Amino acid sequence: MQVKRTPKPYDVCIIGSGASGGTAAKVLTEGGLSVVLLEAGPPILPERDYKEHMWPYDLPHRGAGVGGRWRHGTGDEFMAPNGAWEIEGEPYVSAPGSKFRWFRSRIVGGRTNHWGRIALRMAPVDFQVRSRDGMGDDWPLTYDDVAPYYDKVESYIGVFGTKENIPSAPDGIFLPPPKPRCTETIVKKTCDQLNILCIPSRLAILTKPHNGRPACHYCAQCGRGCITASNFSSSQVMIPPAEKTGRFTLITGAMARELVVGKDGKVAAVSYIDKATREERRIHARAFVVAASACESARLLLNSRSTLFPEGLANSSGVVGRNLMDSVGSNGGGHFPQLEKMPAHNHDGVGGMHMYLPWWKFDRKNDFLRGYHTEFGGGRGMPGVGDYDRLCDDFEGYGHSLKQECKKRYGTYIGFAGRGEMIPNENCYCEIDPQVVDQWGIPVLRFHWKWGDNEIKMAKDMQETYRAIVEAAGGIYLTETHEDGPHPYGIADGGVIIHEVGTVRMGERPATSALNQYCQAHAVKNLFVTDGACFVTNADKNPTLTIMALTWRASEYLLDQAKKGNLGA
Amino acid sequence: MTLSRRDILKSLAVTAVGGSVLRVIPLEAAQYAHRMVQAEKAAAETQQYTLKFFSPNAYKTLASLCNTIIPPDEESKGAVEAGAPEFIDLLTSENTDYQVALGGGVMWLDSTCIDRYEKAYLDCTSEQQKEILDQIAYRRNAKHDPSLGQGVEFFRFLRKLTADAFFTSEIGITYLGYIGNTYVQEFPGCPPVPERS
């Protein structure tokens, strides 16, 4: 088979169109460079693809999906398209004894079409953890280095929140927050009694018109995709300004297979599979920005072996695929009898929490290192399939009494979700599976995973906290967890929180890291890895905002290098 | 109506892109598009549902059970009017586990009724139907009488799917008093929360 070459060399080729790839596309094209972006999935068309404002009864499966598949797991039929735990023809493997789950979104905008829009800054201490407690590593940069880029990202995308002066949760540039829902006023009041911090959340959703996008209309359906683009997704907010420059080429259905290194040791081209024709194609560029998501980016580097880089591109240190981290997740919830008396009212709000619990025990010694934040929600949301599973099992019976009990209990539950910092360990990594390829012939990832003791202790603390809040509010805590078994204290399997980071980490020393502080490979000057792979640690902050800030910073550095003529021909 | 939904959406998309860098549909246009969807939906609803898995007889039993699990009352219609039998038939036709649990479950119920009352479930008197349902509607009964185990599991699953269908229907959503899925300029916040007793 003959490899098709594109004649036109671009300044930069970006791989992936999510939070990182989209940000790079915007900054680089607006900075004057010509950019080509490869996305493994199809384009997204909001007016065709989004199910915003549909009722469950508008779909024959009511949201349960074909054969009820969504009924028995996370997500539903209304979700923005092409995000899934399993993709047909593109498997991944968990090593024996490990369980890891990998959520991938094959579509323009990537996982920003599906994320919770939670936009939290890492705190100054989060960048210097080893100096603080001796575990993990410090970042090769500080909060002050990143802060101007947090400013830029927030100013551009729009994030609501409030100034609070909490050391573990730095303030940003905020739009006003929405008013609390009833569930949130109850939890806030209880947290005040318990001396637990509870503040307005920080979400990338517009509460005022912003940069040409209208304000939120409070339908609570961000996860379905927003036809008014009032929340942030890369496809609707980052890609359009790149397209406007006239210097942007988007190639969809393009599955990157290998980065090809030239004789000068720089990346010369990317080989990709055009999914529509199953043909191999090649694109040349002066620089490459890999932003395919932490694990997918590691996979691409590990699959790019050459005489110069026999262990994979930019992997002389052996760290590529290592230091894989997710967030520590443990959920709990309860029944709040006072909500039974609430009159019917619109409880929708934005598509996410209006308030949250930042890490509040930073001023004392705890049973574990680092911290966690807590997301919570519940109340009178749009009914969905599976909502009454638990009540049906608890109440049993049938007839009027069952029907009335369901009505009485509607909207009276509040759930809490802890999201904590995991310390990287040598048992958590991904590598190329020696036997399996995907349908495009590309070797797939094999995951290894084991939680450490610190994470289990953190999950225990989450459970104790949520029980304390529910009971102090006069509710009944309904979550049962156990000390042992596969999920001690309810800790989620690796990958389930969808905060994978760390697999191509940055650092000062080429012996123990792959990238410098600008996401540039130590050994390959025209290669940048800008997604969550570059993270050194995984603070209790959802990584997306930091991914965008680091990408923005790396992109400005790349622009500067291009101006200085350091990218080569 | 001469324009299809697709045409409307296409025209919306063109106007939207023309006016802005962003692929954004103006609010009024989006509302209009959703009303179109509703109208199409209403037109489609007049069509008769075609059975996809259950035999006509088994489907009658299924519908009767749905009606018993969530019956109509003075406050609202019940699970049958809310489309539960169709929803369950559709999902079952696509899932082999459901076929065993529900297809087999309905047959278990008929065989058990024939053993006990010498009649299939639908031919039993309402007292007999109540007697068997009262037994399979509670897990504790299977502890005393293990021969009820399969029936209890069947009923347990059917109850969940019936609740799914009812509470995701327009009837069920109105019954619960969910208010939302709409455009509001400003989120109003929380009405006063009654003190807990």
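If you're matching them up, the sequences are chains W and D in order. In terms of the working numbering, the first sequence is residues 15 to 583. In terms of the working numbering, the second sequence is residues 3 to 199. Where is the CB? At the ideal position from N, CA and C, for every residue including glycine. No experiment lies behind these values; they were computed from the predicted model shown.
{"Query": "Length-filtered (4 minimum) alpha helix (DSSP H) runs lying within the segment 392-416 of chain W", "Result": "403-409"}
{"Query": "Terminal residues of the beta strand (DSSP E) in which serine 344 of chain W lies", "Result": "342-349"}
{"Query": "Residue ranges of each alpha helix (DSSP H) within the segment 411-452 of chain W, 4 or longer", "Result": "414-423"}
{"Query": "Interface residues of chain D facing glycine 82 of chain W [CB-CB closer than 7 Å]", "Result": "Leu93, Asn97 and Tyr100"}
{"Query": "Beta bridge counterpart(s) of valine 543 of chain W as assigned by DSSP", "Result": "W:Val304"}
{"Query": "CB contact flag (histidine 368 of chain W, arginine 195 of chain W, <8 Å)", "Result": "yes"}
{"Query": "Residue(s) in a DSSP beta bridge with threonine 388 of chain W", "Result": "W:Leu371 and W:Gly432"}
{"Query": "Contact set between valine 399 of chain W and chain D, taken where Cβ atoms lie within less than 8 Å", "Result": "Asp166 and Thr170"}
{"Query": "Neighbourhood of glycine 151 of chain D by C-beta, 6 Å cutoff - its chain only, sequence neighbours within 5 removed", "Result": "Ala144"}
{"Query": "Pairwise C-alpha distance: alanine 78 of chain W and glutamate 96 of chain D", "Result": "12 Å"}
{"Query": "CB contact check: phenylalanine 56 of chain D to chain W, cutoff 8 Å", "Result": "no"}
{"Query": "Helix, strand or coil at lysine 12 of chain D according to DSSP, with G and I counted as helix", "Result": "Low per-residue confidence applies at lysine 12 of chain D: pLDDT is 43, beneath 50, and the placement is therefore not dependable enough to give any value."}
{"Query": "Counted within 10 angstroms of its Cβ, other Cβ atoms place proline 190 of chain W as buried (16 or more) or exposed", "Result": "exposed"}
{"Query": "DSSP-derived helix/strand/coil call for glycine 466 of chain W", "Result": "coil"}
{"Query": "Contacts that threonine 70 of chain D makes with chain W (C-beta to C-beta distance below 9 Å)", "Result": "Tyr412 and Gly413"}
{"Query": "Where the alpha helix (DSSP H) through aspartate 25 of chain W begins and ends", "Result": "Element bounds for aspartate 25 of chain W: not the alpha helix (DSSP H) but the beta strand (DSSP E), 24-29."}
{"Query": "Cβ contact (3+ pairs, closer than 8 Å) linking the segment 317-335 of chain W and the segment 32-52 of chain W", "Result": "no"}
{"Query": "C-beta neighbour in chain D for tyrosine 443 of chain W, strict 8 Å", "Result": "no"}
{"Query": "CB contact flag (leucine 217 of chain W, phenylalanine 174 of chain W, <8 Å)", "Result": "yes"}
{"Query": "Under 7 Å by beta carbon: chain D residues contacting leucine 189 of chain W", "Result": "The contacting residues do not exist; leucine 189 of chain W stays about 13 Å from chain D at best."}
{"Query": "Close-in-space but distant-in-sequence residues of the same chain around leucine 178 of chain D (CB under 7 Å, 5 per side omitted)", "Result": "Phe169"}
{"Query": "Per DSSP, the bridge partner or partners of methionine 269 of chain W", "Result": "W:Ile287"}
{"Query": "Reduced DSSP secondary structure (H/G/I, E/B, other) of glycine 237 of chain W", "Result": "helix"}
{"Query": "Whole-angstrom distance between cysteine 548 of chain W and glycine 508 of chain W, CA atom to CA atom", "Result": "19 Å"}
{"Query": "Euclidean distance between Cα positions of glycine 398 of chain W and proline 70 of chain W", "Result": "7 Å"}
{"Query": "Arginine 131 of chain W beta carbon less than 8 Å from that of arginine 365 of chain W", "Result": "A small fix is needed here, since residue 365 of chain W is glycine in this sequence, not arginine. Yes. Within cutoff."}
{"Query": "Start and end residues, alpha helix (DSSP H) containing leucine 160 of chain D", "Result": "151-169"}
{"Query": "8 Å Cβ shell around tyrosine 503 of chain W - same chain, five flanking residues per side excluded", "Result": "Ser344, Ile470, Ala473, Lys474, Met476, Gln477, Thr495, His496 and Glu497"}
{"Query": "Span separating the alpha-carbon of leucine 264 of chain W from that of valine 50 of chain W", "Result": "6 Å"}
{"Query": "Residue-chain proximity (aspartate 362 of chain W, chain D), Cβ-Cβ < 8 Å", "Result": "yes"}
{"Query": "Contained beta strand (DSSP E) runs [length at least 3] in the segment 456-529 of chain W, N- to C-terminal order", "Result": "457-462"}
{"Query": "Proximity of serine 108 of chain W and phenylalanine 461 of chain W at Cβ, strictly below 8 Å", "Result": "yes"}
{"Query": "Contact list for the segment 131-146 of chain D against chain W, Cβ threshold 8 Å", "Result": "Leu135, Ala139, Tyr140 and Arg141"}
{"Query": "Meets three-Cβ-pair contact criterion under 8 Å: the segment 396-415 of chain W and the segment 73-91 of chain W", "Result": "yes"}
{"Query": "Reference glycine 466 of chain W; option with closest CA among W:Ala487, W:Ile456 and W:Asn439", "Result": "W:Asn439"}
{"Query": "Close-in-space but distant-in-sequence residues of the same chain around leucine 541 of chain W (CB under 8 Å, 5 per side omitted)", "Result": "Leu273, Lys280, Val281, Ala301, Phe302, Val304, Leu327, Ala328, Gln534 and Ala535"}
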